[in-house]
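Protein chains in written order, with this note's numbering: chain A, 4 to 119; chain B, 233 to 343.
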């Protein structure tokens, strides 16, 4: 159990376009989902915490207008990178927590974004 | 500032050896620690976790040790296999499910 999927797994887009990444918990309900970014050979950096039915909480330095997060249901959160630029190229990973008392986060397989 | 870090960026071992990956943390208020394994191009995979009221926890071929006195966490992998080759991250739980990841250690297992 505790499977998290992401779609797409890879995306290449032109500079200035917007890209939407989906994160789904397949076999459990996730009240909270998290979005991370990982640059090559670096650790995961938390971008934002996505709560179902409410606004996301962004980490310091992350532009909320550039990285739009929508957590419309208990199994789906989306991250939209708006007006993408080459410096946004990265590995985006989501995770989901099962419930408010559990701490374990289960991670999706990641989405490789390349902005040309 | 607060941080979670690792002592060794790369660890090379022979197949069959035991591996020990270390992690230091600085926030004594953290009460939950997790080890993740990440293979190239994939998301992190949960390995084992431990709460601050414990000092040792064992899983299948893995053991996590927590020393709160010196704020140190370690992951021991018994009989390391080539399939264990990956980057290993420790993560520290702060607040409600929010995790802070360490810098990562690459484990290289030679046959």
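Using N, Cα and C, we set each Cβ at its ideal position, and we do this for glycine too.
Pull out every residue of the region 297-309 of chain B whose Cβ sits closer than 7 Å to any Cβ of chain A, in chain order. none
From 9(A), 10(A), 21(A), 8(A), residue whose alpha carbon lies closest to that of residue 89(A): For the options 9(A), 10(A), 21(A), 8(A), the alpha carbon positioned closest to that of residue 89(A) is the one of 21(A).
Tell me whether the beta-carbon of residue 263(B) lies closer than 8 Å to the beta-carbon of residue 334(B). Residue 263(B) is not a Cβ neighbour of residue 334(B), given a cutoff of 8 Å.
With DSSP run on the structure shown, which of helix, strand or coil describes residue 25(A)? strand
Report yes or no: is there a C-beta of chain B within less than 8 Å of the C-beta of residue 64(A)? no
Just how far apart, CA to CA, sit residue 290(B) and residue 280(B)? 8 Å
When 100(A), 87(A), 78(A) are compared against residue 23(A), the one with the closest alpha-carbon: 87(A)
Determine the contact status of residue 98(A) and residue 36(A), defining contact as a CB-CB distance below 8 Å. Going by beta carbons, residue 98(A) and residue 36(A) fall inside the 8 Å limit.
Quick one: what does DSSP say residue 325(B) is sitting in, helix, strand or coil? strand
Interface positions of the region 38-56 of chain A facing chain B (Cβ-Cβ less than 9 Å), listed along the chain: 39, 41, 44, 45, 46, 47, 48, 49, 52
So, for residue 271(B): in the same chain, excluding its five sequence neighbours on each side, which residues have a beta-carbon less than 6 Å away from its beta-carbon? 318
In terms of DSSP beta bridges, what is residue 49(A) paired with? 39(A)
Say whether chain A places a C-beta atom closer than 8 Å to the C-beta of residue 280(B). no
Find out if the Cβ-Cβ distance for the pair residue 341(B), residue 295(B) is shorter than 8 Å. no
Apply the 10 Å Cβ neighbour rule to residue 202(A) and answer buried if 16 or more other Cβ atoms are within range, or exposed otherwise. No answer is possible for residue 202(A): the residues shown for chain A start at 4 and end at 119.
Which two residues bound the contiguous beta strand (DSSP E) that contains residue 115(A)? Boundaries of the beta strand (DSSP E) harbouring residue 115(A): 114-118, taken from the DSSP string.
Would DSSP call residue 315(B) helix, strand or coil? helix
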